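**Student:** These protein sequence lines map, in sequence, to chains A and B.
Going by the numbering used here, the first sequence opens with residue 1, and the numbers climb by one from there.
Going by the numbering used here, the second sequence opens with residue 112, and the numbers climb by one from there.
Glycine residues also receive a C-beta, built at the ideal position from the N, C-alpha and C atoms.
Note that the structure is predicted; figures quoted are calculated from it, not measured.
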Amino acid sequence: GEDVEQSLFLSVREGDSSVINCTYTDSSSTYLYWYKQEPGAGLQLLTYIFSNMDMKQDQRLTVLLNKKDKHLSLRIADTQTGDSAIYFCAEISGGYNKLIFGAGTRLAVHP
Amino acid sequence: DVKVTQSSRYLVKRTGEKVFLECVQDMDHENMFWYRQDPGLGLRLIYFSYDVKMKEKGDIPEGYSVSREKKERFSLILESASTNQTSMYLCATGTENQPQHFGDGTRLSIL
Numbered sequence: 001g002e003d004v005e006q007s008l009f010l011s012v013r014e015g016d017s018s019v020i021n022c023t024y025t026d027s028s029s030t031y032l033y034w035y036k037q038e039p040g041a042g043l044q045l046l047t048y049i050f051s052n053m054d055m056k057q058d059q060r061l062t063v064l065l066n067k068k069d070k071h072l073s074l075r076i077a078d079t080q081t082g083d084s085a086i087y088f089c090a091e092i093s094g095g096y097n098k099l100i101f102g103a104g105t106r107l108a109v110h111p
Numbered sequence: 112d113v114k115v116t117q118s119s120r121y122l123v124k125r126t127g128e129k130v131f132l133e134c135v136q137d138m139d140h141e142n143m144f145w146y147r148q149d150p151g152l153g154l155r156l157i158y159f160s161y162d163v164k165m166k167e168k169g170d171i172p173e174g175y176s177v178s179r180e181k182k183e184r185f186s187l188i189l190e191s192a193s194t195n196q197t198s199m200y201l202c203a204t205g206t207e208n209q210p211q212h213f214g215d216g217t218r219l220s221i222l
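#1: Verify the CB distance criterion: does A:Gln59 have a CB-CB separation below 9 Å to chain B?
#2: Can you pull the DSSP bridge partners for A:Thr23?
#3: Is the beta carbon of A:Asp3 less than 9 Å from the beta carbon of A:Tyr24?
#4: Counting only runs that start and end within the region 130-218 of chain B, where is the beta strand (DSSP E) found for 3 or more residues in a row?
#5: Compute the Euclidean distance between the alpha carbons of B:Ser118 and A:Gln44, then round it to the nearest angstrom.
#6: Using beta carbons (cut-off 9 Å, strictly below), is B:Pro210 in contact with chain C?
#7: Check A:Asp83 in the structure and name its three-state DSSP category.
#8: Have a look at the DSSP bridge pairing and note the partners of A:Tyr48.
#9: In chain order, what residues of the same chain lie with their CB nearer than 7 Å to the CB of B:Asp162, ignoring the 5 residues before and after it?
#10: What does a CB cutoff of less than 6 Å around A:Gly104 pick up in its chain, not counting 5 residues either side in sequence?
#11: Is the CB of B:Glu207 under 9 Å away from at least one CB in chain A?
#12: In terms of alpha-carbon separation, which member of A:Asp16, A:Gln6, A:Phe9, A:Ser7 lies closest to A:Gln80?
#13: Anything in the region 172-186 of chain B with a Cβ closer than 8 Å to a Cβ of chain A? List those residues in chain order, please.
#14: By the three-class DSSP mapping on this structure, what secondary structure does A:Met53 have?
#15: With a cut-off of 9 Å, does the C-beta of B:Asn195 fall near any C-beta of chain A?
#16: Does B:Gly214 come within less than 9 Å of chain A when only Cβ atoms are used?
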């Protein structure tokens, strides 16, 4: 069945770039999403990319999509302590815009 | 701005109790979802609904039921709560080809 995989932890120094990687299996996904979850909160939509795009940039965020390898990445430039959170990759699977989520990558930003 | 409201942020119940978790949205979205979130497992879909009185099982429906009597309200019911249902529960809403929007979550503890 469909599956989305992410590494569980990433630690970066403040001011460096962070790259969070994700692989997915459903090649028919039309959209792929990145959500951010801060401690004790729900999920907040961070950005998304349509499947016919290779790249999307939004201020400090860059999303890269490699459809051939089914690989998605989120790059955060100039990472700040406020970026510390769990980041979830998700793909649409099936009807009713159901999502399949990865396990989430916990990003820790240290001085 | 989409608002998804979950009735409780924290809830403590006893084993064997019937538990109701409520979710209300203000955007007239057709689709509503209930997930549970556990460390290292990401979000897993319990049930979803695509219209009033319509429901579909997700990946882990056992021990749960749902009710959608009005379009804006989707309830998750734990028929007889057990300790392995201690978790964070997240409600989301969405419409076709649009990202899902999440509530702040309910952290449920079953003692």
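**Tutor:** Let's see:
#1: Position 59 of the first sequence, counting from 1, holds the residue named residue 59 of chain A. Not one chain B Cβ lies under 9 Å of A:Gln59.
#2: The residue labelled residue 23 of chain A in the question sits at position 23 within the first sequence. Its beta-bridge partners are A:Glu5, A:His71.
#3: For the purposes of this step, residue 3 of chain A is taken as residue 3 along the first sequence, with counting starting at 1. For the purposes of this step, residue 24 of chain A is taken as residue 24 along the first sequence, with counting starting at 1. In this structure, A:Tyr24 lies closer than 9 Å to A:Asp3 by Cβ.
#4: 130-136, 142-149, 153-162, 165-168, 175-181, 184-189, 198-205
#5: Residue mapping note: residue 118 of chain B aligns to position 7 of the second sequence, counting from 1. Residue mapping note: residue 44 of chain A aligns to position 44 of the first sequence, counting from 1. C-alpha separation (whole angstroms): 18 Å.
#6: Within the model displayed, chain C is absent; protein chains A and B are what it includes.
#7: By one-based count along the first sequence, residue 83 of chain A stands at place 83. In the structure shown, A:Asp83 sits in a helix (DSSP, three-state: H, G or I).
#8: What you label residue 48 of chain A is simply residue 48 of the first sequence in a count that begins at 1. DSSP lists A:Tyr33 as partners of A:Tyr48.
#9: For this step, residue 162 of chain B is matched to residue 51 along the second sequence. Once the five neighbours on either side are set aside, the close Cβ partners of B:Asp162 are Glu141.
#10: One-based indexing of the first sequence puts residue 104 of chain A at position 104. Within the same chain, A:Gly104 has close Cβ partners Ile86, Phe88.
#11: The residue you call residue 207 of chain B lines up with position 96 of the second sequence. Closer than 9 Å to some Cβ of chain A, the Cβ of B:Glu207 qualifies, so yes.
#12: Translated into the one-based positions of the first sequence, residue 80 of chain A becomes position 80. Answer by Cα proximity: A:Asp16.
#13: none
#14: By 1-based counting over the first sequence, the position of residue 53 of chain A is 53. Correct three-state label for A:Met53: coil.
#15: As a position in the second sequence, residue 195 of chain B is number 84, starting the count at 1. For B:Asn195, the answer is no, since every Cβ of chain A falls outside 9 Å of its Cβ.
#16: For the purposes of this step, residue 214 of chain B is taken as the residue at position 103 of the second sequence. B:Gly214 counts as touching chain A.
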